[in-house]
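S.K.: Going by this note's numbering, 18 is the number at position 37 of the sequence shown; the sequence numbering is gapless.
Each residue gets a CB set at the ideal place from its N, CA and C atoms; glycine is no exception.
Only a predicted model underlies this, so the values are computations on that prediction, with no experimental measurement involved.
Following this message is one structure expressed as structure tokens.
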Amino acid sequence: MADQPEPPNVRETALAWESLFRCQVTIMRRLQTLPDFRELNMREYDVLFNLKRAPDCGLRLGDLNEHLLLSQPSLSRMIDRLVTRGLVARIADPADARAVLITLTEAGAEVQQRIGRAHVRHINEVMAEGLSRDELCQLRRLTQALSDSVGPS
């Protein structure tokens, strides 16, 4: 019988979490200073990005909120602002007339695509500065394994 690896202790886990969190904060701070995010801030872009990935009919506010790190009231206010700017729309849910779906407008889809292209290039620049192709693959495997172990939110 092969020896099982020793499980990490609390200190090792805390240090790994701190490192992961600080890395994300450092990268996000650098990315949010780029010209891409003058038109929309990163949280607004994240809303458009998640709506772009949604089914054609859109998402209910609560379903959209599952993909974001915002409180539901904050998201609701942000949606109001994005509606006013013509980037998203509220439509009746075809499956339940009492419910409302949030969907991208044509203008919102264009803004998301334009900013998204530049954003992906900048992410590549930042990530490729510090990690090789193999290390990026390993990072993806590790973060996916961690996400899978936690399960859906």
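Look at the alpha carbon of Ala126 and the alpha carbon of Arg34, and state the distance between them as a whole number of angstroms.
M.R.: Within the sequence shown, residue 126 is the residue found at index 145, counting from 1. Within the sequence shown, residue 34 is the residue found at index 53, counting from 1. Ala126 and Arg34: Cα-Cα distance of roughly 22 angstroms.
S.K.: Does the segment 105 to 122 come close enough to the segment 50 to 67 that 3 or more CB-CB pairs lie under 8 angstroms?
M.R.: Flag = no, the segment 50 to 67 and the segment 105 to 122 do not touch.
S.K.: What's the gap between the Cα of Glu91 and the Cα of Gln(-15)?
M.R.: As a first step, residue 91 is located in the sequence shown; it is residue number 110 there, counting from the start. As a first step, residue -15 is located in the sequence shown; it is residue number 4 there, counting from the start. Each residue's alpha carbon lies about 51 angstroms from the other.
S.K.: Which residues bound the beta strand (DSSP E) around Ala76?
M.R.: As a working mapping, residue 76 is identified with position 95 in the sequence shown. Segment: none, Ala76 is in no beta strand (DSSP E) and carries neither H nor E.
S.K.: Spatial neighbours of Ala80 within its chain, please: C-beta separation below 7 angstroms, excluding the five flanking residues on both sides.
M.R.: In the sequence shown, the residue the question calls residue 80 occupies position 99. Correct list, in chain order: Arg41 and Asp74.
S.K.: Could you give the first and the last residue of the continuous alpha helix (DSSP H) run that contains Phe2?
M.R.: Position 21 of the sequence shown holds residue 2. Its alpha helix (DSSP H) spans residues Val(-9) to Gln13.
S.K.: Quick check on DSSP: helix, strand or coil for Leu45?
M.R.: The residue given as residue 45 occupies position 64 in the sequence shown. Three-state DSSP puts Leu45 in a helix.
S.K.: Around the Cβ of Val131, are there at least 16 other Cβ atoms within 10 angstroms (buried) or fewer (exposed)?
M.R.: Against the sequence shown, residue 131 aligns to sequence position 150. So Val131 ends up on the exposed side.
S.K.: Here's a check: name, in chain order, each residue in its chain whose Cβ is nearer than 7 angstroms to the Cβ of Ala88, leaving out the five neighbours to either side.
M.R.: Residue mapping note: residue 88 aligns to position 107 of the sequence shown, counting from 1. Gly67 and Leu68.
S.K.: Going by alpha carbons, who is nearest to Glu20 out of Leu112, Ala109, His100 and Ser113?
M.R.: Reading the sequence shown from its first residue, position 39 is the one you call residue 20. When each option's Cα is compared against that of Glu20, the closest is His100.
S.K.: Nearest-angstrom Cα distance between Met108 and Thr84?
M.R.: What you label residue 108 is simply residue 127 of the sequence shown in a count that begins at 1. What you label residue 84 is simply residue 103 of the sequence shown in a count that begins at 1. Their Cα atoms are separated by approximately 31 angstroms.
S.K.: For Glu(-13) and Arg122, what's the separation of their Cα atoms in angstroms?
M.R.: Along the sequence shown, read from residue 1 onward, the residue named residue -13 stands at position 6. Along the sequence shown, read from residue 1 onward, the residue named residue 122 stands at position 141. Going by the C-alpha atoms only, they are around 20 angstroms apart.
S.K.: Please tell me whether Pro75 has its Cβ less than 9 angstroms away from any Cβ of chain C.
M.R.: This model lacks chain C altogether, as it is built from one protein chain only.
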